[in-house]
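For the working numbering, add 7 to where a residue sits in the sequence shown, where the first one is 1. Cβ atoms here follow ideal geometry from the backbone N, Cα and C, with glycine treated the same way. Predicted, not measured: the structure shown is a model, and the values here were computed from it.
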Amino acid sequence: MTNKVISHGAAKPHAGGSGPSGSGVSPGGGVPPRADTSLPSRAAAAAVLDIEAIRADFPILGREVRGGNPLIYLDSGATAQKPRQVLEAERDFYTTHNAAAHRGAHLLGEEATDAYEAARTRVAAFIGAEPAEIVFTKSATEAINLVAYAMSNAATSGKEAARFAVGPGDEILVTEMEHHANLVPWQQLCERTGATLRWFGVTPQGRLDTSAIGELINTRTRLVAVTGQSNVTGDVPDIGQIAATAHAVGALVVADGAQAVPHRAVDVRALGADFLAFSAHKMLGPSGVGVLWGRRELLEAMPPFITGGSMIEVVRMEGSTFLPPPERFEAGVPAAAQAVGLAAACDYLDGLGMASVEAHEHALTGHALEVVGGIDGVRIIGPLSTEHRGGAVSFVVDGIHPHDVGQVLDELGIAVRTGHHCAWPLHRALGVQASTRATFYVYNTHEEVDALADGIRQAQQFFDGTRGVVPLGRQSGAA
Ligand SMILES: Cc1ncc(COP(=O)(O)O)c(C=O)c1O
8 MTNKVISHGA AKPHAGGSGP SGSGVSPGGG VPPRADTSLP SRAAAAAVLD IEAIRADFPI
68 LGREVRGGNP LIYLDSGATA QKPRQVLEAE RDFYTTHNAA AHRGAHLLGE EATDAYEAAR
128 TRVAAFIGAE PAEIVFTKSA TEAINLVAYA MSNAATSGKE AARFAVGPGD EILVTEMEHH
188 ANLVPWQQLC ERTGATLRWF GVTPQGRLDT SAIGELINTR TRLVAVTGQS NVTGDVPDIG
248 QIAATAHAVG ALVVADGAQA VPHRAVDVRA LGADFLAFSA HKMLGPSGVG VLWGRRELLE
308 AMPPFITGGS MIEVVRMEGS TFLPPPERFE AGVPAAAQAV GLAAACDYLD GLGMASVEAH
368 EHALTGHALE VVGGIDGVRI IGPLSTEHRG GAVSFVVDGI HPHDVGQVLD ELGIAVRTGH
428 HCAWPLHRAL GVQASTRATF YVYNTHEEVD ALADGIRQAQ QFFDGTRGVV PLGRQSGAA
């Protein structure tokens, strides 16, 4: 597809709203093309997004929060806000087509099935996959667990599944920067099977440290699980390099795309991984639906995780046989309305152009590293350059607990995340208990980043021994 200067999503351009924005992104994106090929782009060059028009699509951005402040939402890494196109797609499904997909022998059942399968095709196109390779799950977490449980089921699932079986002497390799969703399932797999868990460390800058790759990936390695982008430091590991090394020893590669697929064009054919997991709710879509992409030949050989209705071929009291993928992995009545909403989110993002989405966030990240990282007493937890880096900016403020920083920001209407962000080992490795995290998306502005920096300065004033004396209030006037 080509990238246009475009105001908002759905597949077609917004009527009358395609001019350059006041977003602070210069014409043409103003950002040099990334040399990074770890998550290769299938999109054309970046164009400027019309942020005002985009914001108008998100009803929630019009609301006021504490003290009548306009909402500044800097927590899209936790969950993204939803444009009305996504809300309307879900509502339309429920108001006109609602039925159990793949179950009913009636018109609504047929329409629901068609809508669900069309959503599968749409999501497949978004990541360059075949529809049969798209398994709808509840979330990225469930998608990763699906692979981990399929691997422990493999020991008792016949010859076809043998390539997934692991046991004592085998190694599962993860990284110290994983979200718990891409760590705990592998720890549990090792506990169930007797395999050994190993991991890549991180550099003091919060980058993945692959210097020991030659030793860590060896003939005992059966699977490597790695994030497409750290949800804390924003680091974008080189999945291509890791996958090439893993495949050379016959290991499988699972990429956690929860923070990658929403933010840059991902083409699974160029990615190098064998599986990719992501969640709709982090990419402008509904909660309750996620995706596991897997190479077709692998899904065909992989045993199921959750069993029950809709995934069977023949059921007898003595035992059952299973459908081919993707149905084999989709037991139960599927979340059809949510899948339809996810398809609408794909339309919206492709309407903007993923290269433009990436360029916009790249510019916001650079700005945040400058204005937040430039505050005395603030330390960024992660790379200070925007190279190979996405829009998660975590930081610690000397002498102030992240929860207190978050509370002051919240009083100002600025929503951020505080804590370990489900990446406890990473925080430990970087020598911090917890951090405050700002994450950006298509609707965020440079003025909001300035407001964040102002808010941090106010938190510093508030906690500098004159507790309560300094009144809190917005300084930058950002909406
Ligand atoms: C990097 C990463 N992986 C996985 C997940 C899990 O996503 P979900 O909770 O939607 O399953 C998250 C959520 O924050 C994440 O940031």
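According to DSSP, residues forming a beta bridge with residue i
{"i": "T284", "result": "Sequence inspection shows Ala at residue 284; the Thr mentioned does not correspond to that position. According to DSSP, A284 bridges with D263, L299."}
{"i": "N76", "result": "V72"}
{"i": "L204", "result": "I179"}
{"i": "I67", "result": "DSSP, once it has assigned bridges, lists no residue as partnering I67."}
{"i": "I407", "result": "V404"}
{"i": "T226", "result": "Paired residue(s): none; T226 is not in a bridge."}
{"i": "R424", "result": "R444"}
{"i": "A399", "result": "T446"}
{"i": "V233", "result": "A262"}
{"i": "D216", "result": "G208"}
{"i": "D82", "result": "T446"}
{"i": "T144", "result": "G297"}
{"i": "D7", "result": "Residue 7 lies beyond the stretch modelled for the chain, which goes from 8 to 486, so this question has no answer here."}
Contact check, residue i vs residue j, beta carbons under 8 Å
{"i": "L68", "j": "L78", "result": "yes"}
{"i": "P293", "j": "L349", "result": "yes"}
{"i": "G107", "j": "A119", "result": "For clarity, residue 107 is Ala in the given sequence; the question names Gly instead. Yes, they are a contact pair."}
{"i": "G174", "j": "T203", "result": "no"}
{"i": "G389", "j": "T217", "result": "no"}
{"i": "V415", "j": "Q465", "result": "yes"}
{"i": "A246", "j": "L278", "result": "Residue 246 is actually Ile in this sequence, not Ala. Yes, the pair counts as a contact, with Cβ atoms nearer than the cut-off."}
{"i": "Q101", "j": "A344", "result": "Checking the displayed sequence, the identity of residue 101 turns out to be Tyr instead of Gln. A contact, by the Cβ cut-off of 8 Å."}
{"i": "Y123", "j": "A346", "result": "yes"}
{"i": "T425", "j": "G406", "result": "no"}
{"i": "S164", "j": "P310", "result": "yes"}
{"i": "G398", "j": "R73", "result": "no"}
{"i": "G339", "j": "G301", "result": "no"}
{"i": "R229", "j": "E365", "result": "no"}
{"i": "I224", "j": "T182", "result": "no"}
{"i": "A147", "j": "A188", "result": "yes"}
{"i": "L376", "j": "V400", "result": "yes"}
{"i": "A155", "j": "W206", "result": "no"}
{"i": "E368", "j": "F447", "result": "yes"}
{"i": "A267", "j": "Q236", "result": "yes"}
{"i": "I58", "j": "Y450", "result": "yes"}
{"i": "V298", "j": "V191", "result": "no"}
{"i": "S363", "j": "A168", "result": "no"}
{"i": "V209", "j": "R396", "result": "no"}
{"i": "H453", "j": "L371", "result": "yes"}
{"i": "L56", "j": "L459", "result": "no"}
{"i": "E337", "j": "F329", "result": "no"}
{"i": "L114", "j": "N105", "result": "no"}
Rounded distance between the beta-carbons of residue j and residue i, thought under 8 Å
{"i": "A284", "j": "A265", "result": "7 Å"}
{"i": "E140", "j": "A150", "result": "About 12 Å; that fails the 8 Å criterion."}
{"i": "Y80", "j": "A422", "result": "5 Å"}
{"i": "L356", "j": "A87", "result": "Actually they are not in contact, since the Cβ atoms of L356 and A87 sit about 10 Å apart, beyond 8 Å."}
{"i": "T234", "j": "D263", "result": "5 Å"}
{"i": "P331", "j": "E307", "result": "6 Å"}
{"i": "S184", "j": "A430", "result": "Sequence inspection shows Met at residue 184; the Ser mentioned does not correspond to that position. Rounded, the Cβ-Cβ distance is 7 Å, consistent with contact."}
{"i": "D411", "j": "F470", "result": "6 Å"}
{"i": "P432", "j": "H109", "result": "Wrong, their Cβ atoms sit about 40 Å apart, outside the cutoff."}
{"i": "G295", "j": "K166", "result": "Not quite, the Cβ-Cβ distance comes to about 36 Å (not below 8 Å), so this is no contact."}
{"i": "I463", "j": "V379", "result": "6 Å"}
{"i": "V260", "j": "V231", "result": "5 Å"}
{"i": "F238", "j": "H428", "result": "For the record, residue 238 in the displayed sequence is Asn; it is not Phe. N238 to H428, Cβ: 6 Å. Contact."}
{"i": "R335", "j": "M318", "result": "5 Å"}
Residue-level contact to chain D via CB, residue i, 8 Å cutoff
{"i": "S294", "result": "No chain D appears in this structure, which consists of one protein chain only."}
Contact test: residue i Cβ vs ligand 2 heavy atom, cutoff 7 Å
{"i": "S83", "result": "Judged by which ligands are present, ligand 2 is missing from the structure shown, whose ligands are ligand 1."}
query = Taking the runs of the alpha helix (DSSP H) that are 4 residues or longer, which of them lie wholly in the region 87-142?
reply = For the region 87-142, whole alpha helix (DSSP H) runs of length 4 or above, ordered along the chain, are 91-99, 114-133.
inquiry  = Threshold first: 3 residues or longer. Then list the beta strand (DSSP E) segments lying entirely within the region 307-391, N to C.
reply    = For secondary structure counted as the beta strand (DSSP E) over 3 or more consecutive residues, the region 307-391 holds these complete runs in sequence order: 319-323, 326-329, 385-387.
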